[in-house]
Every structure is written in C-alpha cells, then in structure tokens.
Amino acid sequence: MHAMQYAITLPADYDMGIIRRRVKSRGHLLDACPGLGLKAYGIRERGIDGSPVNQYAPFYLWADPEAMSGFLLGDGFRGVIRDFGRPAVENWRGLFHRAGPAAGRLPVAFSRRTETVSEDGDPAAVVANALAGHEELAATEGVYATSLALDPRRWELVHFTLWTDGAPEAVQVAAGDRYRVLHLSAPGVDGLGAGRLW
1 MHAMQYAITL
11 PADYDMGIIR
21 RRVKSRGHLL
31 DACPGLGLKA
41 YGIRERGIDG
51 SPVNQYAPFY
61 LWADPEAMSG
71 FLLGDGFRGV
81 IRDFGRPAVE
91 NWRGLFHRAG
101 PAAGRLPVAF
111 SRRTETVSED
121 GDPAAVVANA
131 LAGHEELAAT
141 EGVYATSLAL
151 DPRRWELVHF
161 TLWTDGAPEA
171 VQVAAGDRYR
181 VLHLSAPGVD
191 GLGAGRLW
C-alpha cells in the first residue's frame, strides 16, 4: 500500500462550489480504477473546522505502486495540472490499514496528521506506538477505515482516518487536518490488506 496526497490551496474568496461541481462531474471516473485502493476527494474551507484556507486536497491509498505512477503520468492528473498547476505530491509507504466498524457506510470526513520521528527518537519504537494507536482507533465507532504510512526520507508518519460522522473532537488532530469528503472512490479497498503491512 502507498499513501499519496497533494493539496491545491485556492484564493480566500474562491467559490468552492466550483470544486464541488468538478468532483460531482468527474469523481466517478476513478470508481473502477485498477490498482487504486481508495481516493477520498477532500476539501477544506476557510473558516470551517478552523481551516485558514480554501483547499482541494484528495488523499489516495494505492494497492499497486505502478498504478499510482500511471495515474500521475496520465490524463487524469494532466487535467489537474492544466487547471491548477502542478502540485507537489506527498507519498508514504504503507504500514497499516484496517476497516473500522462503520465500513458499510460512506465517510463524510477524513483526518490527516503527520508526525515527525525526532532525530534522537527510535524509529521502531515510534512506529510501534503509532501502530498500537491505529489498532485501537480501528475499533472506534464511526471509523470507516484507518491507515498509517511512513516517508523514510523525511522520517515522517502520516495518520489517515476516514469518518462516517465527522472527526470527533476527542481525536487528536489539529483543525487544519480535518477535511470534508465530497466523494469516495474505493475500487480496491479490499486489496489494501488488513492490519500491519510490514
């Protein structure tokens, strides 16, 4: 599994209805994309859930890294580049994925939090602690699915969770890490594996 996200920050007075219409008309195009585990079409809106910006920031979980490369070099991503410019694309190697108790319902939000492994920290201990947290989170009411991934270049973990009722306040994420889900494409969610992936 590979996790991937890019964020397109838009002007403060941008009509986010444009993004909603874009996702409504094009979101279904990845509903059967080979190699894609899931794509959550996420947005943040200035002044909502504490977001300081308007942003389109979809999050992907890929079951097949070749499919991820094909997407980034293909027509779909060319459309993103044409309409918004070429964004930086973050990606992480999957460590854990599990469906939650609400996997039968559509998610309305996702939370995403990054955690840097400090230079004096033991990476194995930090990852083990994060994995234990995701094991617990995977059993939480309202969780559609939760994943953990690592970028070893920056020694950064990304914590990603889809929620069917919105990310609860008790979850330790900053306001800027809460996104609304406009559409979910999940053609290969069952192919992402379950539990620890390494």
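For the sequence shown, UniProt numbering begins at 1 and goes up steadily by one.
Every residue, glycine too, gets a C-beta built ideally from N, C-alpha and C.
Item	Value
Leaving out five residues on either side along the sequence, give the residues of the same chain with a beta carbon under 6 Å from the beta carbon of ALA130.	LEU148 and LEU157
For PHE96, write down the residues that DSSP places opposite it in a beta bridge.	LEU148 and ARG196
Would you list, in sequence order, the uninterrupted beta strand (DSSP E) runs of no fewer than 3 residues that lie entirely inside the region 4-44?	8-10 and 36-44
Which same chain residues end up closer than 7 Å to PRO187 when comparing Cβ atoms and leaving out the 5 residues on each side of it in sequence?	ASP31, ALA32, CYS33 and LEU36
Report all residues from its chain with a CB closer than 6 Å to the CB of ASP15; omit the five preceding and five following residues, and keep chain order.	none
Going by the DSSP bridge assignment, what does TRP62 pair with across the sheet?	HIS2 and LEU36
Which same chain residues end up closer than 6 Å to THR114 when comparing Cβ atoms and leaving out the 5 residues on each side of it in sequence?	GLU156 and VAL158
Determine the burial state of ARG180: buried for a count of at least 16 other Cβ atoms within 10 Å of its Cβ, exposed for fewer.	buried
Name, in chain order, the residues that DSSP records as bridge partners for THR164.	Paired residue(s): none; THR164 is not in a bridge.
Under 8 Å by Cβ, that's how I've got VAL143 and GLY100 pegged, so tell me the actual separation to the nearest angstrom.	3 Å
By the DSSP assignment, the beta strand (DSSP E) with ALA88 in it spans what residues?	From DSSP, ALA88 is part of no beta strand (DSSP E); its letter is neither H nor E.
Quick check: the region 76-91 against the region 3-12, are at least 3 beta-carbon pairs closer than 8 Å?	yes
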